[in-house]
Amino acid sequence: MALVYIGHFAAAAAILVVAPEAPALPVAVAVAWPDLVWPALVFAGKERLKVDRDNPLQTGVEFTSYPYSHSLVLGGALSLLPALLAGLIYQSALVGVLFWIGVLSHWLLDAVVHLRDLPIRGWGRSDRRIGLGLWSRPRLAFVLEYAFFAATALLLAPPSMLVGLLGGGLLLHLFNINSFFGFTKSNPFGTPKRFALLALVGYAFAIAWFTMAWQ
116 MALVYIGHFA AAAAILVVAP EAPALPVAVA VAWPDLVWPA LVFAGKERLK VDRDNPLQTG
176 VEFTSYPYSH SLVLGGALSL LPALLAGLIY QSALVGVLFW IGVLSHWLLD AVVHLRDLPI
236 RGWGRSDRRI GLGLWSRPRL AFVLEYAFFA ATALLLAPPS MLVGLLGGGL LLHLFNINSF
296 FGFTKSNPFG TPKRFALLAL VGYAFAIAWF TMAWQ
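Numbering-wise, the sequence shown is residues 116 to 330 according to the numbering used here.
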């Protein structure tokens, strides 16, 4: 599961440093939101991907259609609804705004690693797709993602949080290691639904970890 995974929680840390009065949970959910919605849409048949069973690396996964969860314009517009809900739950307009910013940060970080498959508008045949393609160099991507997260934590997080953030983040990042180094000959999650379910479970653990670590 070589999703941009730990890196998204660097964005959560930055948001919480800028707005220390905000609760950690909705911010952690926000930065993961597109990859929480995406598995449900895959199971519902509304978004699609292809998984090469003979390739354990992220290059063996082709995101053929995910306009609702991962487009900048349409996905960003749809995320206003959960942002509004978050604001109502916490009775804070700030929480709603931060939630929306967290969702948008997900697309921006994905754009660094994805293989030119991220839609901008989310509709139309002429919709442009972008991605700088760091996943095409998986070992470098593995190192840089954790380095990005660790550097952000060291720069922004209070010292009392560093052990939980850096240690827990490393363990979760290692959860992804086969997708970067290809230790197996085949993809152990070789169907679209298995891959989507893995993403959902992984992010659920990551949200719980980050929320507890940011205390």
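Glycine included, every Cβ here is placed at the ideal spot set by N, Cα and C.
On a predicted model such as this, the values are computed, not experimentally measured, just so you know.
- In the DSSP annotation of this structure, Lys-165 is not part of any alpha helix (DSSP H); the continuous beta strand (DSSP E) holding it starts and ends at 163 to 166.
- DSSP places Phe-263 inside the alpha helix (DSSP H), whose first and last residues are 253 to 271.
- Assigned with DSSP and collapsed to three states, Arg-243 falls in coil, not helix or strand.
- In this structure the segment 155 to 163 does not touch the segment 240 to 256; the number of beta carbon pairs closer than 8 Å is below three.
- Of Asn-291, Tyr-261, Phe-296, the smallest CA-CA separation from Leu-281 is found for Tyr-261.
- In this structure, Leu-219 places its C-beta atom within 8 Å of the C-beta atom of Gly-191.
- Ser-294 has no beta-bridge partner at all, per DSSP.
- In this structure Gln-206 is exposed. Its beta-carbon is surrounded by fewer than 16 other beta-carbon atoms within 10 angstroms.
- Closest in alpha carbon position to Pro-307, among Gln-173, Pro-273, Ala-137, is Gln-173.
- Following the DSSP letters along the chain, one finds Thr-326 in no beta strand (DSSP E) but inside the alpha helix (DSSP H) bounded by residues 307 to 328.
- For the pair Ala-127 and Gly-211, the CB atoms are not nearer than the 8 Å cut-off.
- Between the C-alpha atoms of His-221 and Leu-312 there is a straight-line separation of about 19 Å.
- Residue range 182 to 185 is occupied by the alpha helix (DSSP H) that includes Ser-184.
- A straight-line Cα-Cα distance of about 17 Å links Val-227 and Thr-267.
- Scanning Thr-326, His-123, Trp-329 for the CA closest to the CA of Leu-224 turns up His-123.
- With contact defined as three or more Cβ pairs closer than 8 Å, the segment 185 to 201 and the segment 311 to 327 are not in contact.
- Each of Gly-297, Phe-325, Arg-240 was checked against the Cα of Pro-171, and the nearest Cα belongs to Gly-297.
- Using a 10 angstroms sphere on the CB of Ser-194, the tally of other CB atoms reaches 16 or more, which defines it as buried.
- Going by DSSP, Gly-190 is part of the alpha helix (DSSP H) stretching over 188 to 193.
- For Leu-233, the secondary structure class from DSSP, reduced to helix, strand or coil, is strand.
- The shortest CA-to-CA distance from Val-258 to any of Leu-286, Ala-155, Phe-295, Gly-279 is the one to Phe-295.
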